[in-house]
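Heads up: the sequence shown runs through residues 1 to 254, numbered per the working numbering. Input: a single structure, listed below in structure tokens.
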Amino acid sequence: MIASLPMYDRPETEESFDRLWAHIRSRLQDGGLRAPRRLVRGHRAAELAWTDENLLLSQTCGLPLRTFLKGKATLVGTPDYGHRETPPGYYFSCLVARVGDERREFRQFDGCRLAYNAQSSQSGWAAPLAEARRIGIEFGSLLETGSHLSSARAVAERRADLAALDANSWRLMRRFDSFAASLREVGRTVPTPGLPFITAFPELANDLFVAITESLTLLQGDDAEIIGYRRLANLTAEQYEAVGNPSAAAPATS
């Protein structure tokens with residue numbers, strides 16, 4: 001079996017996620033279940049793990065869950081970060097621009113260049129497209145960067161005008177990355193179901209839900225602050241499906 005917790009894994013958070021996994025693994029072993037000692041690391045490796053028939057546990061994004069993972073992965077539960085302005089288990093993207101940009105609101109960014117992590121991302125791709133459509137603006141060009149961190153850097157370095165960062169990624173950037181001080185929020189997207197835990201073993205979904213829930217209560221100090229989960233929400237596949245997928249049509253990348 002394999003396991004990964006890739007969505008907020010970076011050098012500064014690695015030890016905290018290792019300790020969380022150690023707690024989860026211990027709870028599973030107490031129940032007589034085998035679990036890998038170490039997490040699969042590296043985002044590309046983690047993406048491959050999502051479709052692996054031996055996947056015990058991983059965290060993915062809402063867009064993959066309702067597209068290429070549909071019918072292949074089982075939803076375990078959704079972390080709740082305690083956002084006061086969202087339902088339990090929901091999250092949103094923060095739309096960020098440079099501090100010196102004179103445009104103050106998202107609607108003023110009509111025709112701008114968007115930096116996005118990947119077209120498989122709910123927070124970095126689908127959410128800003130939906131928000132732009134909702135308020136009646138369009139992006140002029142696109143820059144694919146491979147990660148939220150790289151998208152934020154692209155804006156800071158003037159290679160793009162705007163990026164959509166999921167709220168937890170943006171929180172970690174403000175904590176660990178000095179360049180984040182050169183960015184500011186110009187809007188937020190409509191909340192959608194958050195980044196789900198998944199497994200390839202439907203019969204283990206409840207055991208995993210319980211193990212994660214119990215493990216979260218064991219996190220202390222900086223680990224609890226860095227990881228940020230308050231509890232697991234028991235969202236349904238139907239709640240993810242209700243979000244809808246972005247149109248295949250998009251402005252040209254340049």
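Idealized CB from N, CA, C, for every residue including glycine.
Query, Result
"Put residue 248 into one of helix, strand or coil per three-state DSSP.", "For residue 248, the predicted structure reports a pLDDT of 46, less than 50, and the residue's modelled location is therefore unreliable. The matter cannot be settled from this model."
"Could you tell me the distance, in whole angstroms, from the CA atom of residue 115 to the CA atom of residue 96?", "10 Å"
"Any idea what DSSP makes of residue 102, helix, strand or coil?", "coil"
"Determine, using beta carbons only, whether residue 197 and residue 75 come nearer to each other than 9 Å.", "yes"
"Rounded to whole angstroms, what's the CA-CA distance from residue 231 to residue 213? Just pull it up for me.", "6 Å"
"Taking the runs of the beta strand (DSSP E) that are 3 residues or longer, which of them lie wholly in the stretch 102-138?", "113-116"
"Give a yes or no on whether the C-beta atoms belonging to residue 100 and residue 211 are separated by under 9 Å.", "no"
"Does DSSP put residue 29 in a helix, a strand or coil?", "helix"
"Leaving out the 5 sequence neighbours to the left and right, which residues in its chain are closer than 8 Å to residue 83 when beta-carbon positions are compared?", "90, 91, 92, 167, 191"
"Keeping to the same chain, check which residues put their C-beta closer than 6 Å to that of residue 106; ignore five residues upstream and five downstream.", "95, 186, 187"
"Can you list, in chain order, the residues of its chain whose CB lies under 7 Å from that of residue 119, leaving out five sequence neighbours each side?", "125"
"How far does the alpha helix (DSSP H) with residue 144 in it extend, from its first residue to its last?", "First-last for residue 144: 141-144, but that is the beta strand (DSSP E), not the alpha helix (DSSP H)."
"Mind checking residue 180: buried by the 16 CB within 10 Å criterion, or exposed?", "buried"
"Taking residue 77 as the reference, give the member of 229, 37, 147 with the closest Cα.", "229"
"Alpha carbon to alpha carbon, how far is residue 66 from residue 47? Give it in angstroms, no decimals.", "15 Å"
"Given a cut-off of 9 Å on the beta-carbon distance, is the pair residue 34 and residue 7 in contact?", "no"
"Have a look at residue 146 and residue 29 and give me their C-alpha separation to the nearest angstrom.", "35 Å"
"Ends of the alpha helix (DSSP H) at residue 233?", "Run containing residue 233: none in the alpha helix (DSSP H); it sits in the beta strand (DSSP E), 231-233."
"Cα separation between residue 12 and residue 148?", "16 Å"
"Who are the near neighbours of residue 223 in its chain, counting only those whose CB is closer than 6 Å to its CB and skipping five residues on each side?", "16, 19"
"When we look at the beta-carbon of residue 131 and count the other beta-carbons within 10 Å, is it buried (16 or more) or exposed?", "buried"
"Can you tell which of 109, 14, 246 has the C-alpha that lies nearest to the C-alpha of residue 172?", "14"
"Assuming contact is defined by CB atoms lying nearer than 9 Å, are residue 122 and residue 62 in contact in what I supplied?", "yes"
"On the DSSP bridge list, what partners appear for residue 97?", "184"
"Quick one: what's got a C-beta closer than 6 Å to residue 226's C-beta in the same chain, skipping five residues either side?", "13, 16"
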